[in-house]
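Numbering (UniProt numbering), first residue to last: 1 to 130.
Remarks on the structure that follows.
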Amino acid sequence: MAALKSFEKPLTPEEEIEYLTKFKIENDKSAKDTLIERNMRLVAYIAKKYNNSTEDQDDLISIGTIGLIKAIETYNIDKGTRLATYASRCIENEILMNIRSNKKNKTQVSLQDPIGIDKEGNEINTTFYM
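This is how it looks when you write it as structure tokens:
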């Protein structure tokens, strides 16, 4: 995928801890922005797995970014796992929730849509004309 080449390189484990500490302890918003920007490659990689869904790839990346932001905000440094490990589950969950939500909405029909065909081959509508 050509889009992966446009993302910045991931943070080293040391840089990751540094930026996470700045964000969590000092509430440094630029550190949060750096964490988001440098993990966009992960978002694109996970979104690519759902390329066969009905969603547009850019929409999946946007939805995945929301999952990444939630992951950064809820990540616990003391747990001993890498941010990417935790974030990948959050990103994937956010994408899956959106796909499921859209699937429910796509089954809804309008009252003006025909609901069937009668014995003579005429469409049966829910609207009545007088």
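Just so it is clear, CB atoms sit at the ideal spot from N, CA and C, and this is done for glycine as well.
DSSP-derived helix/strand/coil call for Gly116: For the purposes of this step, residue 116 is taken as residue 116 along the sequence shown, with counting starting at 1. It is a strand residue.
query: From Ala3 to Asn39, what does the alpha carbon distance come to, in whole angstroms?
result: Locating residue 3 in the sequence shown gives position 3, counting from the first residue. Locating residue 39 in the sequence shown gives position 39, counting from the first residue. The predicted position of Ala3 is uncertain, since its pLDDT is 48 and thus under 50; no value can be drawn from it.
field: Residues near Ala71 in its chain [Cβ-Cβ closer than 6 Å; skip 5 each side]
entry: The sequence position of residue 71 within the sequence shown is 71, counting from 1. Once the five neighbours on either side are set aside, the close Cβ partners of Ala71 are Tyr86, Ala87, Cys90.
query: For the alpha helix (DSSP H) that Tyr45 lies in, which residues bound it at each end?
result: Position 45 of the sequence shown, counting from 1, holds the residue named residue 45. Counting along the chain, the alpha helix (DSSP H) containing Tyr45 begins and ends at 40-48.
query: Is the beta carbon of residue 194 less than 8 Å from the beta carbon of Ile36?
result: As shown, the chain starts at 1 and ends at 130. That puts residue 194 outside it, with no answer to give.
query: Can you tell which of Leu20, Lys103, Asn125 has its C-alpha closest to the C-alpha of Asp113?
result: Locating residue 113 in the sequence shown gives position 113, counting from the first residue. The residue with the shortest Cα to Cα distance from Asp113 is Asn125.
- prompt: Applying the criterion that 16 or more other CB atoms from any shown protein chain within 10 Å of the CB defines a buried residue, is Gly116 buried or exposed?
  reply: As a working note, residue 116 is residue 116 in the sequence shown. It is exposed - the Cβ of Gly116 has fewer than 16 other Cβ atoms within 10 Å.
field: Glu18 - DSSP class collapsed to helix/strand/coil
entry: Translated into positions along the sequence shown, residue 18 becomes position 18. Residue state, collapsed to three classes: helix.
query: Taking the alpha-carbon positions, what's the Asp78 to Leu42 distance?
result: Locating residue 78 in the sequence shown gives position 78, counting from the first residue. Locating residue 42 in the sequence shown gives position 42, counting from the first residue. Taking the straight line from one Cα to the other gives about 22 Å.
Inter-residue Cα distance where the pair is Met1 and Lys48: Taking the first residue of the sequence shown as position 1, residue 1 is located at position 1. Taking the first residue of the sequence shown as position 1, residue 48 is located at position 48. Model confidence at Met1 stands at a pLDDT of 44, short of 50, so the residue's coordinates are unreliable and nothing is read from them.
- prompt: In whole angstroms, what separates the C-alpha of residue 132 from that of Thr21?
  reply: The requested residue 132 does not occur in the structure, where the chain is confined to residues 1 to 130.
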